[in-house]
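Start counting at 1 in the sequence shown, then tack on 76, and there's your number in my numbering. Here's the structure we're looking at; comments come further down.
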Amino acid sequence: MPEASRLACSGRLKGQVALVTGASSGIGRAIALAMADEGASVVVNYIGNREPAQEVVAEIQGKKMSALAIEADVSDQHRVRGMFDQAIREFGTIDILVSNAGIEADRPYSEMTLADWQKVLDVNLTGGFLCSQEAVREFRRRGIVAGRSLTAGKIIFISSVHQEIPWARHTNYSASKGGLKLLMESLAQEVAAYRIRVNGIAPGAIRTNINKKVWDTPEGLQSMLRLIPWGRIGEPVDVAAAAVWLASDESDYVHGTTLFVDGGMTLYPGFAAGG
Ligand code: BGC
């Protein structure tokens, strides 16, 4: 099935501006495209190679929507501020933040260096803090615009099933995602009064580069599928559909929650045949 054909595309984000971090590939790319399909202008954040980000921009512009690629390391406060300033100069404001940029640096615990620990926490958790803080400031400054959205802004953190499921040899990653869960919930509690809606999405095994080393071999794919009751690996569009819904007013009463998009990975599939 072509990637986007499962999405409804009914202008649910018309006239809004979405900033998606880590949007040059994988889940972030699918979210950027899906938000444009729903009528949003999109800021495509990336780090490193500009070409894939420019391709996402070109694809969005091909849909007759606006997009802009901005490079920024989400763990660098100065760069994050610069990115928000540039985006707001270009598009006037930001209505939706999808804090998606994330990395893995997997290592057995006794071999994990402080640098492995730090860089994963910096990008996955501190990056979420820095970007959402800038978003909250902009949402509070602007407030609700009648006719555009019921809220002053929406924040969606892309977390992981590993905010719940412990993951050996990925302690830095699961710690970052567990942290992100409580960051999301605490922030949701704090900013509801400003009509800022905050939620998380916890993807399971989604076919992207981050886990290619696993799904790219028949044995790896088999081992992955044993953990997924729904019987298939997820596609980026599965997560994009959830993100569009959480960004739209359809989900107006959904606040401070995590939507698991994991084919049932969190259902303890090991117990399916009895305990
Ligand atoms: C990780 C993937 C992994 C998936 C399920 C994600 O958060 O980034 O590498 O396949 O969780 O374990």
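Quick reminder that beta carbons are idealized off the backbone N, C-alpha and C, glycines included.
{"Asked": "Contact test: serine 236 Cβ vs ligand 1 heavy atom, cutoff 6 Å", "Found": "yes"}
{"Asked": "Local Cβ density within 10 Å of valine 174, reported as buried at 16 or more and exposed below that", "Found": "buried"}
{"Asked": "Burial state of glycine 87 (16 or more Cβ within 10 Å)", "Found": "exposed"}
{"Asked": "Glycine 255 versus valine 313 - alpha carbon distance", "Found": "25 Å"}
{"Asked": "Of the listed residues Ile103, Arg155, Ala319, nearest to glutamate 210 (C-alpha basis)", "Found": "Arg155"}
{"Asked": "Chain-order list of residues whose beta-carbon lies under 6 Å from that of leucine 335 (same chain, five-residue window excluded)", "Found": "Ile277, Ala318"}
{"Asked": "Assigned secondary structure, proline 128 (DSSP; H/G/I helix, E/B strand, else coil)", "Found": "helix"}
{"Asked": "Cross-strand partners of leucine 109 (DSSP beta bridge)", "Found": "The partner list for leucine 109 (beta bridge, DSSP) is empty, contrary to what the question assumes."}
{"Asked": "Local Cβ density within 10 Å of alanine 148, reported as buried at 16 or more and exposed below that", "Found": "buried"}
{"Asked": "Reduced DSSP secondary structure (H/G/I, E/B, other) of methionine 77", "Found": "The predicted position of methionine 77 is uncertain, since its pLDDT is 47 and thus under 50; a value taken from the coordinates is nonetheless stated next. Methionine 77 falls in the coil class under three-state DSSP."}
{"Asked": "Residue nearest to glycine 340 in terms of C-alpha spacing, selected from Gly307, Lys257, Ala244, Trp291", "Found": "Gly307"}
{"Asked": "Neighbourhood of serine 117 by C-beta distance below 6 Å, restricted to the same chain and skipping five residues each side", "Found": "Val93, Ser142, Phe167"}
{"Asked": "Where asparagine 275 falls: helix, strand or coil (DSSP)", "Found": "strand"}
{"Asked": "C-alpha gap between arginine 302 and valine 221, whole angstroms", "Found": "47 Å"}
{"Asked": "Residue burial classification, lysine 253 (beta-carbon count within 10 angstroms, cutoff 16)", "Found": "buried"}
{"Asked": "N-terminal and C-terminal residue of the alpha helix (DSSP H) that tyrosine 249 is part of", "Found": "247 to 267"}
{"Asked": "Backbone secondary structure at serine 175 - three-state DSSP", "Found": "strand"}
{"Asked": "Spatial neighbours of isoleucine 231 in its chain, beta-carbon cut-off 6 Å, leaving aside the 5 residues before and after", "Found": "Leu173, Ser208, Ala211, Val274"}
{"Asked": "Inter-residue Cα distance where the pair is threonine 169 and glutamate 214", "Found": "7 Å"}
{"Asked": "Alanine 106 and alanine 323 closer than 7 Å at C-beta", "Found": "no"}
{"Asked": "Arginine 283 classed as buried or exposed, judged by whether at least 16 other C-beta atoms fall within 10 angstroms", "Found": "buried"}
{"Asked": "Simplified DSSP state of leucine 89, which is helix, strand or coil", "Found": "coil"}
{"Asked": "Supposed close pair glutamate 187, histidine 246 - CB separation, criterion 8 Å", "Found": "Actually they are not in contact, since the Cβ atoms of glutamate 187 and histidine 246 sit about 13 Å apart, beyond 8 Å."}
{"Asked": "Serine 327, DSSP secondary structure in three states", "Found": "helix"}
{"Asked": "Residues of its chain near valine 164, where Cβ-Cβ distance is below 8 Å and the 5 sequence neighbours each way are ignored", "Found": "Looking at the sequence shown, residue 164 is not valine but isoleucine. The residues are Ile170, Glu214."}
{"Asked": "Cβ-Cβ separation, methionine 111 to leucine 89 (assumed contact under 8 Å), whole Å", "Found": "6 Å"}
{"Asked": "C-beta atoms of serine 250 and histidine 238 nearer than 7 Å", "Found": "yes"}
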